[in-house]
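Each residue of the sequence shown is one higher than the one before, counting from 1 in full-length UniProt numbering.
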Amino acid sequence: MERWNGKVAVVTGASAGIGAAIARNLVKQGMIVAGFARRVEKIKEIADCLKDSSDKLHAVECNVTKEESVTIAFAWVKNNLGPISVLVNSAGIIKESSLINGTLEDWRSVFDVNVLGLCLCTREAVRMMRETADEDAIVIHVNSLAAERVPFVPGFSVYPASKRAITGLAMTLRHELAGTRIRVTNISPGLVATEFMASYSVFSPEAMAAMPVLNPDDVAAAVIYVLSNPPHVLIQNVVLRPLGESW
Numbered sequence: 001m002e003r004w005n006g007k008v009a010v011v012t013g014a015s016a017g018i019g020a021a022i023a024r025n026l027v028k029q030g031m032i033v034a035g036f037a038r039r040v041e042k043i044k045e046i047a048d049c050l051k052d053s054s055d056k057l058h059a060v061e062c063n064v065t066k067e068e069s070v071t072i073a074f075a076w077v078k079n080n081l082g083p084i085s086v087l088v089n090s091a092g093i094i095k096e097s098s099l100i101n102g103t104l105e106d107w108r109s110v111f112d113v114n115v116l117g118l119c120l121c122t123r124e125a126v127r128m129m130r131e132t133a134d135e136d137a138i139v140i141h142v143n144s145l146a147a148e149r150v151p152f153v154p155g156f157s158v159y160p161a162s163k164r165a166i167t168g169l170a171m172t173l174r175h176e177l178a179g180t181r182i183r184v185t186n187i188s189p190g191l192v193a194t195e196f197m198a199s200y201s202v203f204s205p206e207a208m209a210a211m212p213v214l215n216p217d218d219v220a221a222a223v224i225y226v227l228s229n230p231p232h233v234l235i236q237n238v239v240l241r242p243l244g245e246s247w
């Protein structure tokens, strides 16, 4: 991780859960992190807990579903922190719904964040990464095991499809970046105990306590693993499952 010391990383969805854990761990590894989220006060609270490294985590307000918000956020990073070396797309949502009785509004909101928001952030980050073409850079998508194996979970609706789209987008991006020093990695965890999942009725705290789960730091450790590999090594996909998970 030494070569990433002092380099700039952008982490979306950094106010809680997986994104917050990734942001914290990257700072601990010596990186300068711009945490993107709508709830910037949460990121500031995280920064305050980092003691001597609190000045390395910067809270940047960003709604990934709004193009203007995304472009403004990345412009702030460029003007205040410098070139981006790492992008971690961690922002994501799920809406309890169904394909039979769901609403277009619910379906669209999931794709707006999980797919189109990811596309917007990736576009802006890659444009900046290509300006420093002599340096290696990485785009990491926090995907889901549901992209590969769709479980029977009531209310999952379009969520697995939105995550499967990310798999395809990563493949396409690798094609577009062929010949550059920018790598693209998918990290697909199984069930992770977060606020995000706890808000879903099927995964109440009681239910989560009775099943094998990962924690956000497990996913952050996978990000560190990807970054720890030398520049000539491309880790395309990392799949994380809690031991004993049945689906």
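All C-beta atoms, glycine included, are put in the ideal place defined by N, C-alpha and C.
Rounded distance between the beta-carbons of residue 22 and residue 88, thought under 8 Å: Position 88 of the sequence shown, counting from 1, holds the residue named residue 88. Position 22 of the sequence shown, counting from 1, holds the residue named residue 22. Yes, residue 88 and residue 22 are in contact; Cβ-Cβ is about 5 Å, under 8 Å.
Check whether residue 11 and residue 35 have beta carbons under 8 Å apart: Position 11 of the sequence shown, counted from the start, is the residue given in the question as residue 11. Position 35 of the sequence shown, counted from the start, is the residue given in the question as residue 35. Between residue 11 and residue 35, the gap from beta carbon to beta carbon is short of 8 Å.
CB contact flag (residue 15, residue 37, <8 Å): Along the sequence shown, read from residue 1 onward, the residue named residue 15 stands at position 15. Along the sequence shown, read from residue 1 onward, the residue named residue 37 stands at position 37. Closer than 8 Å, so yes.
Beta-carbon proximity of residue 128 to residue 74, cut-off 8 Å: To locate residue 128, count along the sequence shown from 1; it is residue 128. To locate residue 74, count along the sequence shown from 1; it is residue 74. For residue 128 and residue 74, yes; Cβs fall inside 8 Å.
Identity of the residues DSSP links to residue 35 by a beta bridge: The sequence position of residue 35 within the sequence shown is 35, counting from 1. Looking at the DSSP assignment, residue 35 forms a beta bridge with 11 and 59.
Per-residue DSSP class, three states only, for residue 188: Taking the first residue of the sequence shown as position 1, residue 188 is located at position 188. In the structure shown, residue 188 adopts extended strand secondary structure according to DSSP, grouped into three states.
Pairwise C-alpha distance: residue 24 and residue 51: Locating residue 51 in the sequence shown gives position 51, where the first residue counts as 1. Locating residue 24 in the sequence shown gives position 24, where the first residue counts as 1. Distance between the alpha carbons of residue 51 and residue 24 is about 11 Å.
Secondary structure of residue 237, DSSP reduced to three states: The residue given as residue 237 occupies position 237 in the sequence shown. Residue state, collapsed to three classes: strand.
Distance, residue 99 Cα to residue 6 Cα: Residue 6 sits at position 6 when you count from the first residue of the sequence shown. Residue 99 sits at position 99 when you count from the first residue of the sequence shown. Taking the straight line from one Cα to the other gives about 46 Å.
Distance CB(residue 219)-CB(residue 192) smaller than 8 Å: Against the sequence shown, residue 219 aligns to sequence position 219. Against the sequence shown, residue 192 aligns to sequence position 192. Yes; because the gap between Cβ atoms is below 8 Å, this pair is in contact.
Residue 161 - containing alpha helix (DSSP H), residue span: Position 161 of the sequence shown holds residue 161. Note, residue 161: alpha helix (DSSP H), 159-176.
Nearest-angstrom Cα separation, counted from residue 124 out to residue 9: By 1-based counting over the sequence shown, the position of residue 9 is 9. By 1-based counting over the sequence shown, the position of residue 124 is 124. Using only the alpha carbons, I get a separation of about 13 Å.
Cβ-based burial, residue 194 [other Cβ within 10 Å; buried from 16]: Here residue 194 refers to the residue found at position 194 when the sequence shown is read from its first residue. Residue 194 should be labelled buried.
Unbroken alpha helix (DSSP H) run spanning residue 47, endpoints: Within the sequence shown, the letter at position 47 stands for residue 47. Looking at the DSSP string, the run of the alpha helix (DSSP H) that includes residue 47 is 40-48.
Residue 50: CB within 7 Å of a non-hydrogen atom of the ligand ADP: This structure lacks the ligand ADP; in fact it carries no ligand of any kind.
Whether residue 189 touches residue 212 by CB criterion (8 Å): In the sequence shown, residue 189 corresponds to position 189, counting from 1. In the sequence shown, residue 212 corresponds to position 212, counting from 1. Contact: no.
Counted within 10 angstroms of its Cβ, other Cβ atoms place residue 54 as buried (16 or more) or exposed: One-based indexing of the sequence shown puts residue 54 at position 54. The residue is exposed, with fewer than 16 neighbouring Cβ atoms inside 10 Å.
Under 8 Å between C-beta atoms of residue 139 and residue 187: Counting from one through the sequence shown, the residue named residue 139 turns up at place 139. Counting from one through the sequence shown, the residue named residue 187 turns up at place 187. No, these two residues do not count as a Cβ contact at 8 Å.
C-beta contact flag for residue 110 and residue 93 at 8 Å: For the purposes of this step, residue 110 is taken as residue 110 along the sequence shown, with counting starting at 1. For the purposes of this step, residue 93 is taken as residue 93 along the sequence shown, with counting starting at 1. A contact, by the Cβ cut-off of 8 Å.
Assumed close pair residue 112, residue 95 - CB separation to whole angstroms, cut-off 8 Å: Taking the first residue of the sequence shown as position 1, residue 112 is located at position 112. Taking the first residue of the sequence shown as position 1, residue 95 is located at position 95. Rounded, the Cβ-Cβ distance is 11 Å, inconsistent with contact.
Strand pairing of residue 137, partner residues [DSSP]: As a first step, residue 137 is located in the sequence shown; it is residue number 137 there, counting from the start. The partner list for residue 137 (beta bridge, DSSP) reads 182.
Burial state of residue 31, where buried means 16 or more other Cβ atoms lie within 10 Å: By 1-based counting over the sequence shown, the position of residue 31 is 31. Counting Cβ neighbours within 10 Å, residue 31 comes out buried, since at least 16 surround it.
Exposure of residue 29, with buried meaning 16 or more beta-carbon neighbours within 10 Å: For the purposes of this step, residue 29 is taken as residue 29 along the sequence shown, with counting starting at 1. Residue 29 sits buried, since 16 or more C-beta atoms from the chains shown fall within 10 Å of its C-beta.
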